[in-house]
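S.K.: Got a structure for you, questions after.
There are 4 protein chains.
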Amino acid sequence: MMLKELREKVYEANMDLPKHGLVVFTWGNASEIDREKGLFVIKPSGVDYDELTPESMVVCDMDGNVVEGDLNPSSDTATHACLYRAWENVGGIVHTHSTVATAWAQAGRSIPCYGTTQADYFYGEVPCMRGLTKEEIEEAYELNTGNVIVEGFEGKDPMAQPGCLVRNHGPFTWGKDAAAAVYHAVVVEEVAKMSRDAELLCVAAGRAIDDAKAPQYLLDKHYMRKHGPNAYYGQK
Amino acid sequence: MMLKELREKVYEANMDLPKHGLVVFTWGNASEIDREKGLFVIKPSGVDYDELTPESMVVCDMDGNVVEGDLNPSSDTATHACLYRAWENVGGIVHTHSTVATAWAQAGRSIPCYGTTQADYFYGEVPCMRGLTKEEIEEAYELNTGNVIVEGFEGKDPMAQPGCLVRNHGPFTWGKDAAAAVYHAVVVEEVAKMSRDAELLCVAAGRAIDDAKAPQYLLDKHYMRKHGPNAYYGQK
Amino acid sequence: MMLKELREKVYEANMDLPKHGLVVFTWGNASEIDREKGLFVIKPSGVDYDELTPESMVVCDMDGNVVEGDLNPSSDTATHACLYRAWENVGGIVHTHSTVATAWAQAGRSIPCYGTTQADYFYGEVPCMRGLTKEEIEEAYELNTGNVIVEGFEGKDPMAQPGCLVRNHGPFTWGKDAAAAVYHAVVVEEVAKMSRDAELLCVAAGRAIDDAKAPQYLLDKHYMRKHGPNAYYGQK
Amino acid sequence: MMLKELREKVYEANMDLPKHGLVVFTWGNASEIDREKGLFVIKPSGVDYDELTPESMVVCDMDGNVVEGDLNPSSDTATHACLYRAWENVGGIVHTHSTVATAWAQAGRSIPCYGTTQADYFYGEVPCMRGLTKEEIEEAYELNTGNVIVEGFEGKDPMAQPGCLVRNHGPFTWGKDAAAAVYHAVVVEEVAKMSRDAELLCVAAGRAIDDAKAPQYLLDKHYMRKHGPNAYYGQK
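As given, the protein sequences belong to chains A, B, C and D, one line each in that order. Under UniProt numbering, the letters of the first sequence match residues 1 to 236, in that order. Under UniProt numbering, the letters of the second sequence match residues 1 to 236, in that order. Under UniProt numbering, the letters of the third sequence match residues 1 to 236, in that order. Under UniProt numbering, the letters of the fourth sequence match residues 1 to 236, in that order.
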């Protein structure tokens, strides 16, 4: 069996999704890529989390074709493949329907950066992508979901905003590996809750929600504290 | 004892309701029908979930009369029987007072389809039924609850919208068997949360909630991806 | 040691409060009365739930004086005693600061009856009491909390509305025994959530919250289904 | 190894943060000071909670310099040190990004005192500090976070309002030791939820949120019941 270690990592990343309360039933998937081999491992489609094993993971090439595995890969495989092709620094991808992030996606709204919780991982907002057109959906839905995300990040660094909301759908997040993508999925759900409540508290007090936005110099500081060349958070 | 296997399935479905956080105390019930025998199995009324056993389930005929069982069947038995009589494809039914779905029912509002989480299982909204009249309530409350649901689905396919909200009361869901009805009860509670939050986020940003509605072609795509003759989600 | 069985029941009722998520730290208390002996048993004040035992419960007379027990009784003892003196059908009392019921109390609002979940246990609203005056607070705060509740129920049957909200404070509930009072505390928190969300959904759709009120004949039906002489819910 | 007992206490306080649902991943820290030695013990930076041990805690002097420990101390160490220097009664400090308290901080709003849950621990509001200036952030971010808190409490008793919100960031709480600071962190998150909901219920009913404020004499009574010389809550 190919890519034993990677299967194990992707299996663990998938199992972490329900543990963090991000996934009900089978509504999520995680993948990670082996850049040298040009192959990625992804969850099979519609299989219960307690029936998953490292062996049941599916190996795909960069066009999303199955290379090894008895089961169908996640129905979102073409989206994962598209992002791996477009962004060479991305090593892992996660998709969920986590409750509050999905609510933002349904409202068609980017999550503004109201504070340091978000600024520690996102250099700015969690952007909401434009909706797919009728043609894009009918022609190649999952591939075009990926294309719309890539389009939405033109001129942006996907590693500095490691996630987005697909309109009327839900969040996709990514990172250097599958575990990092899971981490960012947790961040997105958490800031989705905080920012919803921050806005409601502005409304209740008759204030403009825009006044809640964190100033740029605070975002700069927090992001750089963790990610810049002079990062000093954690154990380096 | 009759219908041993069916009793087991209905028992499991009922036990899944508190596991999914849909039921407090005894506020829910699940049933499943054996179409050949014209009998359905349902939870007894007002019995604690940790005292339930497959043997304590009650067997009823299609008029809701007890055929086997020492305990009274759920007080909602006449509603279940009514739906089984009206809809021959329905194999299982669930009723809960799950918190947020019940809030929509209390507000007297259908849950609009704002995204793919709902579109994967509901071809459109989760409809809220009209309130029962004074006469309907006094005459035959539980039976007329069923009648009002059947009336609300005239011209609709109950398998394409496998659930509804009974006004000022709470959700009823159904499916090919009791397990599917439980699944749809989870979906309804989950989309109830997402859609509440999506609307609040529209309000906070000064946008119309109607703008959040998913376009019809997205609903078509998602529903057909799972349910049409060309379905490609999961392992077929 | 006196009232061994009652101590056990009150202990269990107290332990059920954190299990149902109604109490953080020591922010709640339950009591039950032995009407023949004119004594009630109540939780000691400010003791951690995991240090409670049936033996640490405190026995009080109907003026709230300690009859047996090494520890101080709950600081709300005078409120419990006051309600026991005023209402002879009440056998158990619970006070919590459960999150959403407390929010209604802080808003100074009664919980309107928007649906059958509430109507099954409350014949109408969960009423919010008037605030205590400066004099009432300074003179005898806990006793006057009881007096204000009794005043608020003048002309009402406390067994048909087994709970209330004390303004800027939180819910008190009661019933035939401590277990019933706990049950009603759960009901109040649950309907507090449902009704908050029902109102927000009315606001989001531009509807009047009053339109969400359940019609009187539905309330009559549900309450009588469980409580009237012709009750048919559960196993009788 | 120095300060063995204190390391144990700080370790326990840190472990209590995720247990109370206040912390995701590594987003929180607790410390406690030994006033005689002029040293405090704090969590290491960015280490997973399940890898923490009493031995991995870091000992710092009152300028925040590491005195003993192989790991970097929390990135918020300079804030803790600043508060210990300014306030000699404070024995323990906690910082979290707990969801709803952080939402208030993001909205830039103090939590008004709407009820007794807050009044039992805070003599008035949970104040939100002014935002840091660009210069303060760039020059010495964590130290100036402490300075802004100290400035915000000028003329106030930090032991009577044992916590605050740092704008666009999150809550800091304190107390006589680390355990008390954890306790107050729970209180702040709990009243953040209650007060958010109380305000939404005022808005839904068309009332002014200011009307929900608890009267001063109620605040006096509750705070003094637990903290004044005539306190009578708990076992003294």
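We treat Cβ as the ideally placed atom computed from N, Cα and C, and that holds for glycine.
Looking only at its own chain, which residues have a Cβ that is under 8 angstroms from the Cβ of A/A86, when we skip the five neighbours before and after it?
M.R.: Residue numbering aside, residue 86 of chain A sits at position 86 when the first sequence is read from its first letter. So the qualifying residues of the chain are G146 and V150.
S.K.: What residue from C/C82, C/Y49, C/G46 and C/K226 has the CA that sits closest to C/D61's CA?
M.R.: One-based indexing of the third sequence puts residue 61 of chain C at position 61. With distances taken between Cα atoms, C/D61 lies closest to C/C82.
S.K.: Along the chain, where does the beta strand (DSSP E) that runs through B/T173 open and close?
M.R.: As a working note, residue 173 of chain B is residue 173 in the second sequence. Element bounds for B/T173: G170 to G175.
S.K.: Applying the criterion that 16 or more other CB atoms from any shown protein chain within 10 Å of the CB defines a buried residue, is D/E55 buried or exposed?
M.R.: Stepping through the fourth sequence from its first residue, residue 55 of chain D is reached at position 55. Looking at its Cβ environment, which holds fewer than 16 other Cβ atoms inside 10 Å, D/E55 is exposed.
S.K.: What are the partner residues of B/E34, as DSSP defines its beta bridges?
M.R.: Mapped onto the second sequence, residue 34 of chain B falls at position 34. Looking at the sequence shown, residue 34 of chain B is not Glu but Asp. According to DSSP, B/D34 bridges with B/L39.
S.K.: Looking at the strands, I want to know which residues DSSP matches up with residue 298 of chain D.
M.R.: Because chain D is modelled from 1 through 236, residue 298 of chain D falls outside the range shown and cannot be assessed.
S.K.: Do we get a CB-CB distance below 8 angstroms when we pair residue 263 of chain D with the residues of chain A?
M.R.: Here chain D comprises residues numbered 1 to 236, so residue 263 of chain D is not present and cannot be evaluated.
S.K.: Excluding the 5 residues flanking A/D120 on each side, which residues of the same chain have their C-beta closer than 6 angstroms to its C-beta?
M.R.: Taking the first sequence and counting its residues from 1, the one referred to as residue 120 of chain A is at position 120. Hits under 6 angstroms: H222 and K226.
S.K.: Between the stretch 161–179 of chain D and the stretch 103–115 of chain D, can you find at least three pairs of beta-carbon atoms closer than 8 angstroms?
M.R.: Yes, the stretch 103–115 of chain D is in contact with the stretch 161–179 of chain D.
S.K.: Would you check if the stretch 64–81 of chain B and the stretch 160–167 of chain C touch, i.e. whether three or more CB-CB distances between them fall below 8 angstroms?
M.R.: Too few Cβ pairs lie closer than 8 angstroms, so no.
S.K.: Out of A/A181, A/G46 and A/S31, point me to the one whose CA is closest to A/G64's CA.
M.R.: Translated into the one-based positions of the first sequence, residue 64 of chain A becomes position 64. Out of A/A181, A/G46 and A/S31, A/S31 has the C-alpha closest to the C-alpha of A/G64.
S.K.: How big is the Cα-Cα spacing for residue 237 of chain C and D/T77?
M.R.: Here chain C has residues from 1 to 236 only, and residue 237 of chain C is not among them.
S.K.: Throw me the rounded Cβ distance for the D/V100 and D/K193 pair, which I believe falls under 8 angstroms.
M.R.: Here residue 100 of chain D refers to the residue found at position 100 of the fourth sequence. Here residue 193 of chain D refers to the residue found at position 193 of the fourth sequence. 5 angstroms between Cβ atoms; contact.
S.K.: Measure the Cβ-Cβ separation of D/W27 and D/T96 and say whether it is below 8 angstroms.
M.R.: Translated into positions along the fourth sequence, residue 27 of chain D becomes position 27. Translated into positions along the fourth sequence, residue 96 of chain D becomes position 96. Yes. Within cutoff.
S.K.: Out of curiosity, what's the CA-to-CA distance linking D/R35 and B/G46?
M.R.: The sequence position of residue 35 of chain D within the fourth sequence is 35, counting from 1. The sequence position of residue 46 of chain B within the second sequence is 46, counting from 1. Their Cα atoms are separated by approximately 59 angstroms.
S.K.: Our contact map puts D/S195 next to D/Y114 with C-beta atoms below 8 angstroms; I'd like the distance itself, whole angstroms only.
M.R.: Counting from 1 along the fourth sequence, the entry for residue 195 of chain D is found at position 195. Counting from 1 along the fourth sequence, the entry for residue 114 of chain D is found at position 114. So it is a contact: roughly 5 angstroms between Cβ atoms.
S.K.: Which runs of the beta strand (DSSP E) at least 3 residues long sit entirely within the stretch 99–186 of chain D? Give them in chain order.
M.R.: Complete beta strand (DSSP E) runs here, min 3: 163–166 and 170–175.
S.K.: For A/L3, which option in A/G124, A/V41 and A/K19 has the closest C-alpha, if you only look at C-alpha atoms?
M.R.: For the purposes of this step, residue 3 of chain A is identified with residue 3 of the first sequence, where counting begins at 1. It is A/V41.
S.K.: Taking only beta-carbon positions, decide if A/R35 is within less than 8 angstroms of chain D.
M.R.: Position 35 of the first sequence, counting from 1, holds the residue named residue 35 of chain A. Answer no: the Cβ-Cβ gap between A/R35 and chain D never drops below 8 angstroms.
S.K.: So with Cβ pairs under 8 angstroms, would you call A/S98 a contact of chain D?
M.R.: As a first step, residue 98 of chain A is located in the first sequence; it is residue number 98 there, counting from the start. No, no contact with chain D.
S.K.: Tell me the rounded alpha-carbon separation between A/A140 and B/E12.
M.R.: As a working mapping, residue 140 of chain A is identified with position 140 in the first sequence. As a working mapping, residue 12 of chain B is identified with position 12 in the second sequence. Their Cα atoms are separated by approximately 39 angstroms.
S.K.: Could you give the DSSP three-state label for A/D48: helix, strand or coil?
M.R.: Position 48 of the first sequence, counted from the first residue, corresponds to residue 48 of chain A. It is coil, neither helix nor strand.
S.K.: Answer yes or no: do A/L39 and D/L200 have a C-beta to C-beta separation smaller than 8 angstroms?
M.R.: Counting from 1 along the first sequence, the entry for residue 39 of chain A is found at position 39. Counting from 1 along the fourth sequence, the entry for residue 200 of chain D is found at position 200. Taking 8 angstroms as the Cβ cut-off, A/L39 and D/L200 do not qualify as a contacting pair.
S.K.: First and last residue of the alpha helix (DSSP H) that includes D/D220?
M.R.: Within the fourth sequence, the letter at position 220 stands for residue 220 of chain D. Where D/D220 is concerned, the enclosing alpha helix (DSSP H) stretches over Q216 to H227.
S.K.: Mapping the DSSP letters down to three states, classify B/D61 as helix, strand or coil.
M.R.: Taking the second sequence and counting its residues from 1, the one referred to as residue 61 of chain B is at position 61. DSSP places B/D61 in strand when its eight states are reduced to three.
S.K.: Can the beta-carbon of D/V90 be found less than 8 angstroms from the beta-carbon of D/P158?
M.R.: The sequence position of residue 90 of chain D within the fourth sequence is 90, counting from 1. The sequence position of residue 158 of chain D within the fourth sequence is 158, counting from 1. Yes, they are a contact pair.
S.K.: Just to make sure I have the definition right: I need the residues of chain D whose C-beta is within less than 7 angstroms of the C-beta of C/K134. Which are they?
M.R.: Position 134 of the third sequence holds residue 134 of chain C. Chain D residues near C/K134: Y217.
S.K.: Under the three-state reduction of DSSP, which class applies to B/V90: helix, strand or coil?
M.R.: Position 90 of the second sequence, counting from 1, holds the residue named residue 90 of chain B. Looking at B/V90 - three-state DSSP - the assignment turns out to be coil, as it is neither helix nor strand.
S.K.: In or out: D/Y123 buried (at least 16 other Cβ within 10 Å) or exposed?
M.R.: To locate residue 123 of chain D, count along the fourth sequence from 1; it is residue 123. When all chains shown are included, D/Y123 counts as buried.
S.K.: Looking at chain D, is there any beta carbon in it that lies within less than 8 angstroms of the beta carbon of C/T145?
M.R.: In the third sequence, counting from the first residue as 1, residue 145 of chain C sits at position 145. With 8 angstroms as the cut-off, C/T145 does not count as an interface residue toward chain D.
S.K.: Do D/E190 and C/V203 count as a contact pair if the criterion is CB distance below 8 angstroms?
M.R.: Taking the first residue of the third sequence as 1, we reach residue 203 of chain C at position 203. Taking the first residue of the fourth sequence as 1, we reach residue 190 of chain D at position 190. Taking 8 angstroms as the Cβ cut-off, C/V203 and D/E190 do not qualify as a contacting pair.
S.K.: Are any of the Cβ atoms in chain A nearer than 8 angstroms to that of B/D70?
M.R.: By 1-based counting over the second sequence, the position of residue 70 of chain B is 70. No, its Cβ sits nowhere closer than 8 angstroms to a Cβ of chain A.
S.K.: Within 10 angstroms of its Cβ, does B/M129 collect 16 or more other Cβ (buried), or is it exposed?
M.R.: Position 129 of the second sequence, counted from the start, is the residue given in the question as residue 129 of chain B. Buried is the call here.
S.K.: Quick one: does D/R109 have its CB under 8 angstroms from some CB of chain C?
M.R.: For the purposes of this step, residue 109 of chain D is taken as residue 109 along the fourth sequence, with counting starting at 1. No, because no Cβ of chain C sits closer than 8 angstroms to the Cβ of D/R109.
S.K.: Would the beta-carbon of B/S75 fall within 8 angstroms of that of B/P44?
M.R.: Stepping through the second sequence from its first residue, residue 75 of chain B is reached at position 75. Stepping through the second sequence from its first residue, residue 44 of chain B is reached at position 44. Contact flag unset, no.
S.K.: Could you tell me the alpha carbon to alpha carbon distance between A/R207 and B/A214, rounded to whole angstroms?
M.R.: Your numbering for residue 207 of chain A matches position 207 in the first sequence. Your numbering for residue 214 of chain B matches position 214 in the second sequence. The alpha-carbon atoms of A/R207 and B/A214 are separated by roughly 30 angstroms.
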